[in-house]
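A.B. asks: Below you will find the structure I want to go over with you.
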Amino acid sequence: MNLDLLSHAGATTTWTERLGPGSLVLRGFAASEAETLYGEIGKIVAAAPFRQMLTPGGFRMSVAMSNCGTTGWVTDQSGYRYQPNDPESGQPWPPMPATFSRLAEAAAAAAGFSGFAPDACLINRYQPGAKMSLHQDKDERDQTQPIVSVSLGLPAVFQFGGLQRSVTATRVTLTHGDVVVWGGPDRLRYHGVLALKAGEHPIVGACRLNLTFRKAR
Ligand code: MD6
Ligand code: FE
Numbered sequence: 003m004n005l006d007l008l009s010h011a012g013a014t015t016t017w018t019e020r021l022g023p024g025s026l027v028l029r030g031f032a033a034s035e036a037e038t039l040y041g042e043i044g045k046i047v048a049a050a051p052f053r054q055m056l057t058p059g060g061f062r063m064s065v066a067m068s069n070c071g072t073t074g075w076v077t078d079q080s081g082y083r084y085q086p087n088d089p090e091s092g093q094p095w096p097p098m099p100a101t102f103s104r105l106a107e108a109a110a111a112a113a114g115f116s117g118f119a120p121d122a123c124l125i126n127r128y129q130p131g132a133k134m135s136l137h138q139d140k141d142e143r144d145q146t147q148p149i150v151s152v153s154l155g156l157p158a159v160f161q162f163g164g165l166q167r168s169v170t171a172t173r174v175t176l177t178h179g180d181v182v183v184w185g186g187p188d189r190l191r192y193h194g195v196l197a198l199k200a201g202e203h204p205i206v207g208a209c210r211l212n213l214t215f216r217k218a219r
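Put into structure tokens, the structure is as follows:
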């Protein structure tokens with residue numbers, strides 16, 4: 003894994019770790035803004051509460067989810083998709099805060115993807131034991147754009163596989179403030195999250211929160 007130092011607009015310097023030709027971990031890139039992000043998440047989930055959705059196969063996900071932006075990712079018995087309204091309330095998803103979109107754009111630019119303008123932010127909450135099995139993100143219409151992923155709270159082990167499920171995944175621990183950008187030739191790589199270990203984070207408490215920014219439409 004190559005290590006490099008990167009400077010960004012907030013004048014902080016971040017360690018970067020390259021995972022592939024189109025994917026980069028920006029260590030601590032969101033650390034100085036983490037409390038702001040956490041406060042915004044609180045407001046979003048007051049309007050669109052975390053819920054454990056049903057997979058098309060009929061399984062209840064262990065990760066609880068919400069969204070903000072003009073469209074949001076949902077799953078139920080009829081499939082995976084993006085839709086502009088929260089199926090629980092029928093209301094539009096809460097708007098994406100400017101702090102979110104600015105951070106996502108800056109992270110994407112730092113990884114070589116300039117002009118990233120996300121329209122969807124999926125918010126994942128992992129409580130102890132929650133996990134996400136290996137999957138590809140392929141429900142987005144525009145796959146030329148990268149995905150930007152922000153981790154907050156308890157550490158989690160992320161698995162990065164290949165373009166086929168059979169490729170052995172490498173493991174990377176993501177901690178509070180870490181950002182992963184991935185796109186280009188890595189955009190459809192399989193990935194997942196191992197079961198969260200119990201703990202207590204000083205800001206976020208007993209869980210991990212993950213924001214994934216996408217250009218879905
Ligand atoms: C998570 N993340 O970290 C789940 N997908 O909780 C993802 O599924 C993901 O982090 C695409 C790109 C980056 C990600
Ligand atoms: Fe994903």
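Quick note: to get this note's numbering, add 2 to the position in the sequence shown (first position is 1). Note that the Cβ used here is the ideal one computed from N, Cα and C, for glycine as well.
According to DSSP, simplified to helix, strand and coil, what is D78?
C.D. replies: The residue you call residue 78 lines up with position 76 of the sequence shown. Of the three classes helix, strand and coil, the one that applies to D78 here is strand, per DSSP.
A.B. asks: Taking the alpha helix (DSSP H) that R104 belongs to, which residues open and close that run?
C.D. replies: The residue given as residue 104 occupies position 102 in the sequence shown. Per DSSP, R104 belongs to the alpha helix (DSSP H) from 100 to 112.
A.B. asks: Distance check for A208 and R216, CA to CA, integer angstroms please.
C.D. replies: What you label residue 216 is simply residue 214 of the sequence shown in a count that begins at 1. What you label residue 208 is simply residue 206 of the sequence shown in a count that begins at 1. Straight-line Cα distance between these residues: approximately 26 Å.
A.B. asks: So the candidates are D78, S116, E90; which of them puts its Cα closest to the Cα of S185?
C.D. replies: As a first step, residue 185 is located in the sequence shown; it is residue number 183 there, counting from the start. Note on residue identity: the sequence assigns Gly, not Ser, to residue 185. Out of D78, S116, E90, S116 has the C-alpha closest to the C-alpha of G185.
A.B. asks: Taking the continuous alpha helix (DSSP H) assigned at A36, which residues delimit it?
C.D. replies: The residue labelled residue 36 in the question sits at position 34 within the sequence shown. From DSSP, the alpha helix (DSSP H) with A36 extends over 36 to 49.
A.B. asks: If you measure from the CB of V206, is any heavy atom of ligand 1 nearer than 6 Å?
C.D. replies: Here residue 206 corresponds to residue number 204 of the sequence shown, with the count starting at 1. False, no ligand heavy atom lies under 6 Å from that Cβ.
A.B. asks: Is S135 closer than 7 Å to G60 when the C-beta atoms are compared?
C.D. replies: Start at 1 with the first residue of the sequence shown, and residue 60 comes out as number 58. Start at 1 with the first residue of the sequence shown, and residue 135 comes out as number 133. No. Outside cutoff.
A.B. asks: If we count Cβ pairs, one from each stretch, closer than 8 Å, do we get three or more for the stretch 31 to 46 versus the stretch 171 to 186?
C.D. replies: Enough Cβ pairs lie closer than 8 Å, so yes.
A.B. asks: Does any heavy atom of ligand 2 sit closer than 6 Å to the C-beta of D88?
C.D. replies: Here residue 88 refers to the residue found at position 86 of the sequence shown. Not so, every heavy atom of ligand 2 lies at least 6 Å from the Cβ.
A.B. asks: Grouping DSSP H, G and I as helix and E and B as strand, with all else coil, what is R187?
C.D. replies: For the purposes of this step, residue 187 is identified with residue 185 of the sequence shown, where counting begins at 1. It should be noted that the sequence gives Pro, not Arg, for residue 187. Here P187 sits in helix by DSSP.
A.B. asks: Locate the beta strand (DSSP E) running through I125, then write down its first and last residues.
C.D. replies: The count along the sequence shown starts at 1 and reaches residue 125 at position 123. That run of the beta strand (DSSP E) goes 122 to 128.
A.B. asks: Taking the beta strand (DSSP E) that A208 falls in, what are its first and last residues?
C.D. replies: Your numbering for residue 208 matches position 206 in the sequence shown. Counting along the chain, A208 falls outside any beta strand (DSSP E), and DSSP gives it neither H nor E.
A.B. asks: Where do the N-terminal and C-terminal ends of the beta strand (DSSP E) with F61 fall, by residue?
C.D. replies: Working through the sequence shown from its first residue, we reach residue 61 at position 59. Careful: F61 lies outside any beta strand (DSSP E) and carries neither H nor E.
A.B. asks: Where does A158 sit, in a helix, a strand or coil, going by DSSP?
C.D. replies: The count along the sequence shown starts at 1 and reaches residue 158 at position 156. It is a strand residue.
A.B. asks: Would you mind stating whether R210 and G163 have Cβ atoms separated by less than 7 Å?
C.D. replies: The residue labelled residue 210 in the question sits at position 208 within the sequence shown. The residue labelled residue 163 in the question sits at position 161 within the sequence shown. Not in contact: R210 and G163 (Cβ atoms no closer than 7 Å).
A.B. asks: Using 10 angstroms around the beta-carbon of E74, count the other beta-carbons present and answer buried if the total reaches 16, otherwise exposed.
C.D. replies: Stepping through the sequence shown from its first residue, residue 74 is reached at position 72. Note that residue 74 is Gly in the sequence shown, not Glu. Buried: at least 16 other Cβ atoms inside 10 Å.
A.B. asks: Would you mind sorting A110 into buried or exposed? The rule is 16 or more other CB atoms within 10 Å of its CB.
C.D. replies: Working through the sequence shown from its first residue, we reach residue 110 at position 108. Label assigned to A110: buried.
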